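Numbering (the numbering used here), first residue to last: 1228 to 1424.
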(Lines of atoms letter the chains of each structure in order from A and count residues from 1; the text may use other names and numbers.)
(Lines give C-alpha, C1' and ligand atoms only; values in the text may rest on other atoms or scores of the structure.)
Protein backbone atom coordinates (compact mmCIF):
# COMPACT_ATOMS: atom_id res chain seq x y z
CA UNK A 1 0.00 0.00 0.00
CA UNK A 2 1.35 3.49 -0.83
CA UNK A 3 0.98 4.75 2.75
CA UNK A 4 2.92 1.76 4.07
CA UNK A 5 5.68 2.51 1.56
CA UNK A 6 5.91 6.13 2.77
CA UNK A 7 6.14 5.00 6.41
CA UNK A 8 8.66 2.21 5.86
CA UNK A 9 11.81 2.41 8.00
CA UNK A 10 15.11 0.57 7.86
CA UNK A 11 14.30 -0.67 11.36
CA UNK A 12 11.51 -2.74 9.74
CA UNK A 13 13.75 -4.51 7.21
CA UNK A 14 15.92 -7.60 7.67
CA UNK A 15 17.77 -8.17 4.40
CA UNK A 16 19.75 -11.07 5.84
CA UNK A 17 16.53 -13.05 6.31
CA UNK A 18 14.75 -11.42 3.36
CA UNK A 19 11.88 -10.04 5.43
CA UNK A 20 10.15 -6.75 6.08
CA UNK A 21 7.67 -5.94 8.86
CA UNK A 22 4.78 -3.60 8.16
CA UNK A 23 4.28 -1.64 11.38
CA UNK A 24 2.86 1.68 10.24
CA UNK A 25 1.03 3.56 7.52
CA UNK A 26 0.88 7.19 6.44
CA UNK A 27 -2.71 8.38 6.12
CA UNK A 28 -3.93 11.97 5.94
CA UNK A 29 -0.50 13.32 6.89
CA UNK A 30 -0.18 11.31 10.08
CA UNK A 31 1.30 7.95 10.93
CA UNK A 32 -1.17 5.25 11.87
CA UNK A 33 -1.13 1.51 12.29
CA UNK A 34 -1.77 -0.33 8.98
CA UNK A 35 -5.21 -0.33 7.41
CA UNK A 36 -6.33 -3.75 8.67
CA UNK A 37 -5.74 -5.67 11.88
CA UNK A 38 -4.33 -8.54 9.78
CA UNK A 39 -1.93 -6.08 8.17
CA UNK A 40 -0.48 -4.81 11.44
CA UNK A 41 3.01 -6.09 12.26
CA UNK A 42 2.82 -8.51 9.37
CA UNK A 43 6.05 -9.98 8.08
CA UNK A 44 6.48 -9.86 4.32
CA UNK A 45 8.85 -12.38 2.76
CA UNK A 46 10.69 -10.50 0.04
CA UNK A 47 11.31 -11.83 -3.45
CA UNK A 48 14.72 -11.34 -5.04
CA UNK A 49 13.91 -8.18 -7.08
CA UNK A 50 12.64 -6.47 -3.90
CA UNK A 51 15.77 -7.46 -1.97
CA UNK A 52 17.97 -6.17 -4.80
CA UNK A 53 16.07 -2.86 -4.92
CA UNK A 54 16.36 -2.43 -1.14
CA UNK A 55 20.10 -3.17 -1.22
CA UNK A 56 20.47 -0.45 -3.83
CA UNK A 57 18.33 1.96 -1.79
CA UNK A 58 20.36 1.16 1.32
CA UNK A 59 23.38 2.97 -0.10
CA UNK A 60 21.27 6.14 -0.37
CA UNK A 61 19.34 6.28 2.89
CA UNK A 62 20.38 3.67 5.48
CA UNK A 63 22.74 6.00 7.33
CA UNK A 64 20.29 8.92 7.30
CA UNK A 65 18.79 10.59 10.34
CA UNK A 66 16.67 8.44 12.64
CA UNK A 67 13.35 10.09 13.49
CA UNK A 68 11.09 9.57 16.49
CA UNK A 69 7.54 9.59 15.15
CA UNK A 70 4.11 9.40 16.77
CA UNK A 71 2.03 6.52 15.44
CA UNK A 72 -1.71 6.81 16.07
CA UNK A 73 -3.14 3.53 17.34
CA UNK A 74 -6.61 2.08 16.72
CA UNK A 75 -7.80 3.21 20.17
CA UNK A 76 -8.95 6.82 19.86
CA UNK A 77 -6.41 9.31 21.20
CA UNK A 78 -3.62 6.78 21.83
CA UNK A 79 -0.23 7.12 20.18
CA UNK A 80 3.05 5.26 20.33
CA UNK A 81 6.53 6.63 19.68
CA UNK A 82 8.57 4.65 17.15
CA UNK A 83 12.07 5.04 15.74
CA UNK A 84 12.11 5.35 11.97
CA UNK A 85 14.94 5.90 9.49
CA UNK A 86 12.86 6.34 6.35
CA UNK A 87 13.79 4.02 3.50
CA UNK A 88 12.47 6.41 0.87
CA UNK A 89 13.35 10.07 1.38
CA UNK A 90 12.51 13.08 -0.81
CA UNK A 91 15.92 14.69 -0.36
CA UNK A 92 17.48 11.87 -2.40
CA UNK A 93 15.43 12.70 -5.50
CA UNK A 94 13.91 16.13 -4.83
CA UNK A 95 14.19 18.84 -7.44
CA UNK A 96 13.00 21.48 -4.98
CA UNK A 97 14.28 22.49 -1.57
CA UNK A 98 11.05 22.46 0.44
CA UNK A 99 10.75 18.72 1.01
CA UNK A 100 10.01 16.88 4.24
CA UNK A 101 11.63 13.92 5.94
CA UNK A 102 9.45 11.38 4.13
CA UNK A 103 7.32 11.10 1.03
CA UNK A 104 3.57 11.65 1.14
CA UNK A 105 1.04 9.43 -0.58
CA UNK A 106 0.40 12.28 -3.06
CA UNK A 107 4.10 12.60 -3.90
CA UNK A 108 4.31 8.83 -4.52
CA UNK A 109 1.29 9.15 -6.82
CA UNK A 110 2.88 12.03 -8.73
CA UNK A 111 6.16 10.13 -9.23
CA UNK A 112 4.25 7.01 -10.30
CA UNK A 113 2.18 8.98 -12.82
CA UNK A 114 5.31 10.60 -14.27
CA UNK A 115 7.07 7.22 -14.57
CA UNK A 116 4.04 5.64 -16.27
CA UNK A 117 3.89 8.54 -18.73
CA UNK A 118 7.64 8.38 -19.49
CA UNK A 119 7.34 4.64 -20.10
CA UNK A 120 4.50 5.22 -22.56
CA UNK A 121 2.10 3.01 -20.61
CA UNK A 122 -1.64 3.40 -20.24
CA UNK A 123 -2.44 5.23 -17.00
CA UNK A 124 -3.09 3.11 -13.95
CA UNK A 125 -2.92 3.83 -10.25
CA UNK A 126 0.08 2.65 -8.25
CA UNK A 127 -2.30 0.79 -5.95
CA UNK A 128 -3.13 -1.49 -8.89
CA UNK A 129 0.36 -2.98 -8.64
CA UNK A 130 -1.00 -4.91 -5.62
CA UNK A 131 -3.52 -6.50 -7.96
CA UNK A 132 -0.74 -7.34 -10.42
CA UNK A 133 1.36 -8.91 -7.65
CA UNK A 134 -1.57 -11.04 -6.47
CA UNK A 135 -2.51 -12.19 -9.98
CA UNK A 136 1.06 -13.00 -10.99
CA UNK A 137 1.63 -14.84 -7.70
CA UNK A 138 -1.50 -16.93 -8.27
CA UNK A 139 -0.44 -17.65 -11.84
CA UNK A 140 3.01 -18.71 -10.61
CA UNK A 141 1.32 -21.23 -8.31
CA UNK A 142 1.79 -19.49 -4.94
CA UNK A 143 -0.49 -20.60 -2.14
CA UNK A 144 -3.45 -18.15 -1.82
CA UNK A 145 -3.12 -18.14 1.99
CA UNK A 146 0.53 -17.04 1.64
CA UNK A 147 -0.48 -14.29 -0.81
CA UNK A 148 -3.21 -13.09 1.58
CA UNK A 149 -0.71 -12.93 4.43
CA UNK A 150 1.80 -11.02 2.31
CA UNK A 151 -0.85 -8.48 1.36
CA UNK A 152 -2.31 -8.00 4.83
CA UNK A 153 -5.63 -9.76 4.28
CA UNK A 154 -7.16 -11.80 7.11
CA UNK A 155 -7.54 -14.90 4.95
CA UNK A 156 -7.39 -16.24 1.41
CA UNK A 157 -11.06 -15.48 0.75
CA UNK A 158 -10.19 -11.90 -0.28
CA UNK A 159 -7.56 -13.23 -2.69
CA UNK A 160 -10.13 -15.52 -4.31
CA UNK A 161 -12.85 -12.85 -4.48
CA UNK A 162 -10.78 -9.93 -5.72
CA UNK A 163 -7.78 -11.37 -7.55
CA UNK A 164 -8.59 -14.97 -8.36
CA UNK A 165 -10.97 -14.72 -11.31
CA UNK A 166 -10.24 -17.74 -13.45
CA UNK A 167 -9.27 -17.18 -17.08
CA UNK A 168 -10.12 -20.21 -19.19
CA UNK A 169 -7.15 -19.66 -21.51
CA UNK A 170 -5.03 -20.96 -18.62
CA UNK A 171 -6.77 -24.37 -18.57
CA UNK A 172 -4.10 -26.18 -20.62
CA UNK A 173 -1.29 -24.78 -18.49
CA UNK A 174 -3.07 -25.97 -15.34
CA UNK A 175 -3.58 -29.47 -16.76
CA UNK A 176 0.13 -29.62 -17.66
CA UNK A 177 1.03 -28.46 -14.15
CA UNK A 178 -1.20 -31.12 -12.58
CA UNK A 179 0.18 -33.82 -14.86
CA UNK A 180 3.72 -32.92 -13.86
CA UNK A 181 3.11 -32.48 -10.15
CA UNK A 182 0.72 -35.37 -9.61
CA UNK A 183 2.87 -37.85 -11.51
CA UNK A 184 5.37 -37.49 -8.66
CA UNK A 185 2.75 -38.29 -6.01
CA UNK A 186 0.45 -40.81 -7.61
CA UNK A 187 1.70 -44.41 -7.64
CA UNK A 188 1.75 -46.23 -10.95
CA UNK A 189 -0.93 -48.84 -11.47
CA UNK A 190 0.24 -52.45 -10.90
CA UNK A 191 -0.72 -53.53 -14.44
CA UNK A 192 1.39 -50.66 -15.86
CA UNK A 193 4.42 -51.90 -13.90
CA UNK A 194 3.87 -55.44 -15.18
CA UNK A 195 3.79 -54.18 -18.77
CA UNK A 196 7.20 -52.48 -18.29
CA UNK A 197 8.85 -55.79 -17.25
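Even glycine gets a Cβ: it sits at the ideal position worked out from N, Cα and C.
A quick note: this is a predicted structure, and the numbers were derived from the prediction, not measured.
Counting along the chain, residue 1257 sits inside the beta strand (DSSP E) bounded by residues 1257-1259. Ranking 1400, 1251, 1308, 1380 by CA distance to the CA of residue 1233 puts 1251 first.
Remark: fewer than three beta-carbon pairs, one from each stretch, lie closer than 8 angstroms, so the region 1366-1383 and the region 1282-1290 are not flagged as touching. For residue 1306, the enclosing beta strand (DSSP E) begins and ends at 1306-1311.
If you draw a straight line from the Cα of residue 1328 to the Cα of residue 1316, it is about 6 angstroms long.
Taking a cut-off of 8 angstroms for Cβ pairs, the region 1350-1361 and the region 1377-1391 touch, as three or more such pairs fall below it. Here the alpha carbons of residue 1254 and residue 1297 stand approximately 13 angstroms from one another.
Closest in C-alpha terms to residue 1278, from the list 1261, 1299, 1244, 1375, comes 1244. Sorting 1303, 1305, 1281, 1262 by C-alpha distance to the C-alpha of residue 1313 places 1281 at the top. For the region 1273-1300, the full-length beta strand (DSSP E) segments reaching 3 residues or more read 1294-1299 along the chain.
Going by DSSP, residue 1253 is part of the beta strand (DSSP E) stretching over 1252-1254. Between the alpha carbons of residue 1231 and residue 1283 lies a gap of roughly 19 angstroms.
Assignment of residue 1269 by DSSP, reduced to helix, strand and coil, places it in the strand class.
When the five nearest sequence neighbours on each side are left out, the beta carbons in the same chain lying within less than 6 angstroms of the beta carbon of residue 1235 are those of 1314, in order along the chain. The C-beta distance from residue 1377 to residue 1271 rounds to 5 angstroms, short enough to fall under 8 angstroms. Non-local C-beta neighbours of residue 1336 in its own chain, meaning closer than 8 angstroms and more than five positions away in sequence, comprise 1229, 1352, 1353, ordered along the chain.
Under the 10 Å beta carbon count, residue 1372 is surrounded by fewer than 16 other beta carbons and is classified as exposed.
Around the Cβ of residue 1273, a 10 Å sphere holds 16 or more other Cβ atoms; the residue is buried.
Scanning the region 1356-1412 for uninterrupted alpha helix (DSSP H) segments of 4 residues or longer gives 1371-1378, 1398-1412, listed from N- to C-terminal end. Beta-bridge partners assigned by DSSP to residue 1241: 1246. Listed in chain order, the non-local C-beta contacts of residue 1285 below 8 angstroms within the same chain comprise 1237, 1242, local neighbours out to five positions each way being set aside.
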